[in-house]
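*Asks:* Counting from 200, one number per residue, gives the positions in the sequence shown under our numbering.
Note that the Cβ used here is the ideal one computed from N, Cα and C, for glycine as well.
Mind having a look at this structure? Questions to follow.
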Amino acid sequence: MEVSKIHLSSTEIELMQNAEVILTKNRVLEKMRTLLAEVQDKQTEFAGKNNLNSGIFNVSAKISKGENYLGLPYLILDYPRQSSENNFFFIRTMFWWGRFFSCTLHLANSSKEIFKERIIESYPRLKNFYISVSDDQWAHHLEETHYQKIDSMSEKQFREACEHFDHIKIAGRHSLTEWEIAPVKLLENWKLFLSVCGLIS
């Protein structure tokens, strides 16, 4: 049998021998799942107190995980999460390893048309957020190739971004160093999106 032609760098060899790296990663991911579960509990409690029990709230909240969004692990909490052939209304809270926490309002099809004008009118309230300016509605990385900070846009440009694409995606981004206050910030973003859509006062 020939010697393998695979080459490992010294850094790769060191990591390969260090089980603690993966064990630590697993512990961090479990803690981040607990963090998102706390956000989920607050969301469902708020929805119940405000009688948000029908329509887009019919489907219960869900936490999912993956290992490879652009090569990195992630956890997502979706609530509301209504998806059908003619409608798409999600608010997605995300932990992305090595990058950020985010909370994203994602509308497409009939939901986009129903809530579009309310969102456009909320331009002053959304200036600290990002908006999708790409045809790819499944990009979550918030890079300039796909997103633009709303406070860098005129109101006219913001309207055009809301109208031009088949979807509207607006996202709040928070540093991983803010993990202790992340549940509060993410819940605030979530409530703001509900308010912008006119679902709560």
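Taking DSSP as the reference, what is the three-state secondary structure of residue 364?
*Replies:* Translated into positions along the sequence shown, residue 364 becomes position 165. In this structure, residue 364 counts as coil in the three-state DSSP scheme.
*Asks:* Leaving out five residues on either side along the sequence, give the residues of the same chain with a beta carbon under 8 Å from the beta carbon of residue 361.
*Replies:* Residue 361 sits at position 162 when you count from the first residue of the sequence shown. Around residue 361: 315, 318, 319, 330, 367.
*Asks:* Ends of the beta strand (DSSP E) at residue 241?
*Replies:* Counting from 1 along the sequence shown, the entry for residue 241 is found at position 42. Run containing residue 241: none in the beta strand (DSSP E); it sits in the alpha helix (DSSP H), 218–248.
*Asks:* Give me the Cα-Cα distance between residue 333 and residue 369, rounded to the nearest whole angstrom.
*Replies:* Counting from one through the sequence shown, the residue named residue 333 turns up at place 134. Counting from one through the sequence shown, the residue named residue 369 turns up at place 170. Cα-Cα distance, rounded: 12 Å.
*Asks:* Mapping the DSSP letters down to three states, classify residue 381 as helix, strand or coil.
*Replies:* In the sequence shown, counting from the first residue as 1, residue 381 sits at position 182. Helix at residue 381.
*Asks:* When you compare only the Cα positions, how much space is there between residue 345 and residue 339?
*Replies:* Residue 345 sits at position 146 when you count from the first residue of the sequence shown. Residue 339 sits at position 140 when you count from the first residue of the sequence shown. Looking at the two C-alpha atoms, the distance is approximately 9 Å.
*Asks:* Taking all protein chains shown into account, decide if residue 349 is buried (16 or more other Cβ within 10 angstroms of its Cβ) or exposed.
*Replies:* Position 150 of the sequence shown, counted from the first residue, corresponds to residue 349. So residue 349 ends up on the buried side.
*Asks:* If we ignore side chains and look at the alpha-carbon of each, how far apart do residue 301 and residue 294 end up?
*Replies:* Within the sequence shown, numbered from 1, the residue matching residue 301 stands at position 102. Within the sequence shown, numbered from 1, the residue matching residue 294 stands at position 95. When rounded, the distance between both Cα atoms is 7 Å.
*Asks:* So, residue 235 versus residue 271, is the Cβ gap smaller than 8 Å?
*Replies:* Translated into positions along the sequence shown, residue 235 becomes position 36. Translated into positions along the sequence shown, residue 271 becomes position 72. Cβ distance not < 8 Å, so residue 235 and residue 271 don't count as in contact.
*Asks:* Should residue 253 be labelled buried (16 or more other beta-carbon atoms within 10 Å of its own) or exposed?
*Replies:* Residue mapping note: residue 253 aligns to position 54 of the sequence shown, counting from 1. With fewer than 16 other Cβ atoms within 10 Å, it is exposed.
*Asks:* Apart from the five residues on each side of it in sequence, which residues of its chain come closer than 8 Å, Cβ to Cβ, to residue 258?
*Replies:* As a position in the sequence shown, residue 258 is number 59, starting the count at 1. Closer than 8 Å at the Cβ level, and outside the excluded window around residue 258, lie 279, 280, 281.
*Asks:* Within 10 Å of its beta-carbon, does residue 210 have 16 or more other beta-carbons around it, so buried, or fewer, so exposed?
*Replies:* Here residue 210 refers to the residue found at position 11 when the sequence shown is read from its first residue. The residue is exposed, with fewer than 16 neighbouring Cβ atoms inside 10 Å.
*Asks:* Provide the residue span of the alpha helix (DSSP H) that contains residue 310, from first to last.
*Replies:* Here residue 310 is taken as the residue at index 111 of the sequence shown, counted from 1. Segment 309–320, the alpha helix (DSSP H) holding residue 310.
*Asks:* Closest to residue 313 by C-alpha separation, out of 377, 389, 222, 365, would be which residue?
*Replies:* For the purposes of this step, residue 313 is identified with residue 114 of the sequence shown, where counting begins at 1. Looking at the Cα atoms, 365 is the closest of the given residues.
*Asks:* Between the Cα of residue 299 and the Cα atoms of 385, 400, 237, which residue gives the shortest distance?
*Replies:* For the purposes of this step, residue 299 is taken as the residue at position 100 of the sequence shown. The residue with the shortest Cα to Cα distance from residue 299 is 385.
*Asks:* By DSSP, does residue 277 sit in helix, in strand, or in coil?
*Replies:* Position 78 of the sequence shown, counting from 1, holds the residue named residue 277. Residue 277 falls in the strand class under three-state DSSP.
*Asks:* Measure the CB-CB distance between residue 260 and residue 233 and report whether it falls below 8 Å.
*Replies:* Residue 260 sits at position 61 when you count from the first residue of the sequence shown. Residue 233 sits at position 34 when you count from the first residue of the sequence shown. The answer is no: Cβ separation not under 8 Å.
*Asks:* Compute the distance between the beta-carbons of residue 306 and residue 287, then report whether it is under 8 Å.
*Replies:* Numbered from its first residue, the sequence shown carries residue 306 at position 107. Numbered from its first residue, the sequence shown carries residue 287 at position 88. Contact: yes.
*Asks:* What residue range is occupied by the uninterrupted beta strand (DSSP E) comprising residue 152?
*Replies:* Residue 152 lies beyond the range of the chain shown here (200 to 400); nothing can be said about it.
*Asks:* Excluding five sequence neighbours on each side, which residues of the same chain lie with their C-beta closer than 6 Å to the C-beta of residue 216?
*Replies:* Looking up residue 216 in the sequence shown gives position 17. So the list is empty, once near-sequence residues are dropped.
*Asks:* Could you tell me the distance, in whole angstroms, from the CA atom of residue 292 to the CA atom of residue 262?
*Replies:* Residue 292 sits at position 93 when you count from the first residue of the sequence shown. Residue 262 sits at position 63 when you count from the first residue of the sequence shown. Computed Cα separation, rounded: 9 Å.
*Asks:* Can you tell which of 213, 277, 374 has the C-alpha that lies nearest to the C-alpha of residue 341?
*Replies:* Here residue 341 corresponds to residue number 142 of the sequence shown, with the count starting at 1. Selected option, being the one with the closest Cα: 374.
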